[in-house]
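Since the structure comes first, as structure tokens, the remarks are kept for the end.
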Amino acid sequence: MFGNKLNFIFGVIISTSVLVFISTSNVFAYLSSFNNNSEQPVTVEHLISQANYDAVEIKTIPVRENIYMLIGEGGNIGVSTGEDGALLIDSQFAPLTAKIEAAVKAINPQAITYLINTHYHFDHTGGNENLAKLGVKIIAHDNVSKQMSIPHTYAVLGMETPAQPQEALPVVTFSQSMNLELNGNQVYAFHIPLAHTDGDVIIQFKDKNVIHAGDIYFQGMYPFIDTEVGGSVAGMISAVDQILPLCNEETLIIPGHGNLSNCQELGKYQEMLKTVNQRVEDGIAQQMSLEDLIAGNILADLDEKWGKGFLKAEQFITIAYQGMKK
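Structural data, given as structure tokens:
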């Protein structure tokens, strides 16, 4: 459909001839040659086996007081440290667990005690099993456990992921919201339905004025949206609408991908989502096909700012279109 298309999957782009990993700082690193001329989906295990995780550095970004952000490969990790032990938000990839644990202990030597998953995708839950073996209690929305328990095929991406092992699944789940008192922090986690996935959770450190938005927020770039489980651009817009009232000028936001951010930047991201949604909606109303929308280059004016990350315009138009057609 796209000719020499690039397929994105949570930090991995597959082309017809090369496997490239994108770090969350948008630095492209050539890792190995790869050929996906087959009609069969590519497995995540194969992609992970090709990656050079020895070269990945876990960067620690102070956020506010005892709240930190870890940047490596995959989704950004939030960290709360203190006498109650460390709370992690998301776990990236399994081969990085030892590096993540070392980065946390460099902040505070207390053990990791809790992990909250913002959603089920493997670049946010890949380290779950390893952390569970260390005694970490995993918390997530009910649908995260459901989606991790079954295989997934992402037709638009030519990707498939297997069911995750029982040990990787959350041991505590909730349907609407959950409160934790940990390390002197008031932690409030609440569910956002049908946005990036069907199990997205926003985590608010109320007393620190810090929010971890998970993959509701791809800072500075077009977001991937999992339409296979009910995600859509409209759902993402609704999700951001629920985050913005929690904000003031001092609020800091840890995005699922990208750099530490704030509510002003989140507002601009919201404007982009609304613009894309309206343009695709208008095109569908005019009986335009997906191919017509892509050929019409309807996001040309947005690409300079938003098209330099994981997805290019044609991929994001496809995702927006599919979300409306489901």
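All the letters of the sequence shown, read from the start, carry residue numbers 606 to 931 under the numbering used here.
Using N, Cα and C, we set each Cβ at its ideal position, and we do this for glycine too.
Remember, it's a predicted structure, so these values are computed and weren't measured experimentally.
Discussion item. How far does the alpha helix (DSSP H) with L907 in it extend, from its first residue to its last?
Written reply: 905-911
Does the count of Cβ pairs from the segment 811-823 and the segment 746-761 closer than 8 Å reach three?
no
Quiz item: Between I694 and the rest of its own chain, which residues show a CB-CB distance below 7 Å, the 5 nearest in sequence each way excluded?
Solution: I682, G683, I721, T723, I808, H817
For K751, tell me which candidate among H726, L739, A737, K738 has the shortest Cα-Cα distance. H726
### Message
What would DSSP say about H724, mapped onto helix, strand or coil?
### Response
coil
Reducing DSSP to helix, strand and coil, say where K742 ends up. strand
G928, enclosing alpha helix (DSSP H) - first and last residue
918-930
Note to self: Please return the same chain residues whose Cβ sits closer than 6 Å to the Cβ of G679, not counting the five positions on each side in sequence.
What the structure shows: G616, Q697, F698, D728
Q: Note the first and the last residue of the continuous beta strand (DSSP E) segment covering D887.
A: First-last for D887: 868-890, but that is the alpha helix (DSSP H), not the beta strand (DSSP E).
task: Kindly identify the DSSP beta-bridge partner or partners of Q809.
output: Y793, I816
Where does L693 sit, in a helix, a strand or coil, going by DSSP?
strand
Identify, in the order they occur along the chain, each residue of the same chain with its Cβ nearer than 8 Å to the Cβ of E670, setting aside the five sequence neighbours on each side. K813
With a threshold of 7 Å on Cβ separation, who are the neighbours of N631 within its own chain once the five nearest residues in sequence on each side are excluded? Because the pLDDT of N631 is 32, which lies under 50, any placement of that residue in the model is unreliable, and the question is left without a value.
Inset, instruction - Quick one: grab the DSSP three-state call for Y673. - result: strand
Where D831 and M893 are concerned, what is the direct C-alpha to C-alpha distance, given to the nearest angstrom? 23 Å
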